[in-house]
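To start, the structure under review is shown below, and the notes come after it.
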């Protein structure tokens, strides 16, 4: 597996590495074998991490646990890299919601997973080697060639969605090959719709190979998933939770995702610092699910609650199947990739995977922008969040410039800081942010620019579990707004993923607020009040600056 970023002038290759977490900097090195000291499969009850041998190009990657174990992996003998071409197909394969699959399908799925788990540990298609893919791409195991101080990270950038699309694609192809069914598809967890808002039953049977014992036992069915989960919070009814989930989805898929950079995340170019900034669903519902399923009995909520171990849980693949489906829906709802489609760094970024025949394959982002090109699509299901828009708790009087000023006066009664950065998030903090433009025309908002709140230089330890909410003009201290309200702009969330050098995570987070300001009837205001509410990991994060920007794509 590998990643490369190419510019039209000077191709810069970030070194390749295999699915087995062995490094492939050059074709001549593809035949090197590494000593197996203590592979994962021999110590299932030990705390091990996704580590590569340090041969001058690789960096041992720690797990979030405090462990002195060193794990070495077998490096395959591949000497040829194949450029990806979708295999021919006569009909599209349709992935189904996990809660709707039948017994015959489930038997085939279970058989395929069992066969994958039975593969030799040095087979790049084996269960643990495939699980290691997610660890290797995330935990800073590899540096960028030409930029030894910049490590490679897939999350918190525009590469998040295409990487996971192809990760699942090859995983699915391997399973199909093992049972002799080229039309095999994995199911998706339809957690964005009421019918799918419980953990799918096929993953909670202890007798099934799909079962994983490291889950939050209090979140077994019929418990409903919380797409703004933070580990705490007041109890609400199932009806209230479903409605809140739908409003959260509307914000992350529609009103808060009008441009490619807001939905996909910031473009990641060779030489850039890692983690330039996540998109709306990566920072939101995607990470909330990881937290909600993760096992609180484990120190760092392994397995799915931590990036290094997520791939060991079959539910991870159903979860990311839905994330991939949401990307395909976003393409239809918003209908534009904006600047991403013109950015050669984005389109030529490449990943390396082993296919169903154990061939090493190079895939570019430009190869995977359309699921139909890859031969699959998603079974149509209801999408109720499309029509479930958040509303303000206190509806303003439309058409009155004075309303905005009156609201500002109300909010000034709060304890607001001004121009004091960085903000240390050990408690709820409100700060006043100036707006460079106000009273923009409908054409400016719809055809030209999206008003965006930008939180810059967010810093925290990578192994910290952190979540904080962002509210705009939330004037009620006694009963603050919740994620279901229009005052709620979004949440920043991080789940643990340690780093080889102990480097802190530094990233930024952008939130679309054009619709929000219109809903609150404060478009004429000179300033807005931004409130940051730490929900998880109080005192573990700082925000270096907050500003308003305008995005045109």
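Residue numbers (our numbering): 7 to 559. Even for Gly, the Cβ is constructed at its ideal location relative to N, Cα and C.
Quiz item: Measuring CA to CA, which of 327, 530, 430 and 389 is closest to residue 248?
Solution: Cα-wise, what sits closest to residue 248 is 389.
Quiz item: Along the chain, where does the beta strand (DSSP E) that runs through residue 366 open and close?
Solution: Counting along the chain, residue 366 sits inside the beta strand (DSSP E) bounded by residues 366-370.
Practice problem: Out of 268, 380 and 97, point me to the one whose CA is closest to residue 461's CA. | Solution: Residue 461 has its Cα closest to that of 268, out of 268, 380 and 97.
Quiz item: Could you give the residue range of the alpha helix (DSSP H) that holds residue 254?
Solution: Annotation for residue 254: the continuous alpha helix (DSSP H) segment containing it runs 244-256.
Quiz item: Three or more beta-carbon pairs under 8 Å between the stretch 536-553 and the stretch 462-479, yes or no?
Solution: Yes, the stretch 536-553 touches the stretch 462-479.
Practice problem: Give the range of the beta strand (DSSP E) segment to which residue 173 is assigned. | Solution: That residue, residue 173, is in no beta strand (DSSP E); its alpha helix (DSSP H) goes 166-184.
Quiz prompt | For residue 366, the nearest candidate out of 374, 372, 171 and 356 (CA to CA) | solution = It is 356.
Quiz item: Any heavy atom of the ligand SAM closer than 7 Å to the Cβ of residue 266?
Solution: Because no ligand of any kind appears in the structure shown, any question about the ligand SAM cannot be addressed here.
Exercise. Given a cut-off of 8 Å, decide if residue 196 and residue 363 are closer than it, judged by their beta-carbon atoms.
Key: The answer is no: Cβ separation not under 8 Å.
Quiz item: Pairing CB atoms from the stretch 168-177 with CB atoms from the stretch 369-376, are three or more of them under 8 Å?
Solution: With the cut-off at 8 Å, the stretch 168-177 and the stretch 369-376 touch.
Practice problem: Could you tell me the distance, in whole angstroms, from the CA atom of residue 529 to the CA atom of residue 487? | Solution: About 20 Å.
Quiz item: What are the boundary residues of the alpha helix (DSSP H) that residue 109 is part of?
Solution: Where residue 109 is concerned, the enclosing alpha helix (DSSP H) stretches over 109-124.
Quiz item: At what residues does the beta strand (DSSP E) containing residue 473 begin and finish?
Solution: Where residue 473 is concerned, the enclosing beta strand (DSSP E) stretches over 472-478.
Quiz item: In three-state DSSP terms, what is residue 271?
Solution: Of the three classes helix, strand and coil, the one that applies to residue 271 here is strand, per DSSP.
Quiz item: To the nearest angstrom, how far is it from the Cα of residue 541 to the Cα of residue 550?
Solution: Looking at the backbone, the Cα of residue 541 and that of residue 550 are separated by about 19 Å.
Quiz item: Does the stretch 512-532 touch the stretch 294-311, meaning 3 or more C-beta pairs lie closer than 8 Å?
Solution: Result no; under three Cβ-Cβ pairs closer than 8 Å.
Practice problem: Would you kindly check if the distance between the Cβ of residue 556 and the Cβ of residue 438 is under 8 Å? | Solution: In this structure, residue 556 does not lie closer than 8 Å to residue 438 by Cβ.
Quiz item: How many angstroms separate the CA atom of residue 179 from the CA atom of residue 133?
Solution: For residue 179 and residue 133, the distance between alpha carbons rounds to 13 Å.
Self-check item: Where the beta strand (DSSP E) through residue 96 begins and ends
Solution: That residue, residue 96, is in no beta strand (DSSP E); it is neither H nor E in DSSP.
Quiz item: Cα separation between residue 497 and residue 186?
Solution: When rounded, the distance between both Cα atoms is 44 Å.
Self-check item: Exposure label - residue 493; buried when at least 16 CB within 10 Å
Solution: By the 10 Å Cβ count, residue 493 comes out buried.
Quiz item: What residue from 443, 361, 441 and 118 has the CA that sits closest to residue 90's CA?
Solution: Nearest neighbour of residue 90 by Cα position, chosen from 443, 361, 441 and 118, turns out to be 361.
Quiz item: Any chance the stretch 256-263 sits against the stretch 275-283, with 3 or more Cβ pairs inside 8 Å?
Solution: Note that the stretch 256-263 does not touch the stretch 275-283; fewer than 3 beta-carbon pairs, one per stretch, sit closer than 8 Å.
Quiz item: In three-state DSSP terms, what is residue 427?
Solution: In this structure, residue 427 counts as coil in the three-state DSSP scheme.
Quiz item: From what residue to what residue does the alpha helix (DSSP H) around residue 322 run?
Solution: Residue range 320-340 is occupied by the alpha helix (DSSP H) that includes residue 322.
Quiz item: What does DSSP give as the partner residues of residue 518 in its beta bridges?
Solution: According to DSSP, which records beta bridges pairwise, residue 518 is partnered with 458.
Practice problem: Sort 431, 430, 429 and 435 by Cα distance to residue 422 and report the nearest one. | Solution: Relative to residue 422, the option among 431, 430, 429 and 435 whose CA is nearest is 435.
Self-check item: Through-space distance from residue 86 to residue 559, alpha-carbon basis
Solution: One C-alpha to the other measures close to 39 Å.
Quiz item: If you compare alpha carbons, which of 431, 207, 135 and 154 is closest to residue 226?
Solution: Nearest option by C-alpha distance: 207.
Quiz item: Once you ignore the five residues that flank residue 331 on each side, which residues in its own chain have a CB closer than 6 Å to its CB?
Solution: These residues qualify, in order along the chain: 194 and 384.
Quiz item: In three-state terms, what does DSSP make of residue 378?
Solution: Note: residue 378 maps to helix in three-state DSSP.
Quiz item: If you count every other CB in all the chains shown that lies within 10 Å of the CB of residue 425, and 16 or more means buried, which is it?
Solution: Residue 425 is classed as exposed because its beta carbon has fewer than 16 other beta carbons within 10 Å across all chains shown.
Quiz prompt | Three-state class that DSSP yields for residue 89 in the structure shown | solution = Reduced to three states, the DSSP call for residue 89 is strand.
Quiz item: Can you give the Cα-Cα distance for residue 299 and residue 252, rounded to whole angstroms?
Solution: Linking residue 299 to residue 252 through their CA atoms gives a straight-line distance of about 19 Å.
Quiz item: Does the count of Cβ pairs from the stretch 426-433 and the stretch 230-245 closer than 8 Å reach three?
Solution: By the criterion of at least three beta-carbon pairs nearer than 8 Å, the stretch 426-433 is not in contact with the stretch 230-245.
Quiz item: Going by the beta-carbon positions, is the gap between residue 155 and residue 148 smaller than 8 Å?
Solution: Taking 8 Å as the Cβ cut-off, residue 155 and residue 148 do not qualify as a contacting pair.
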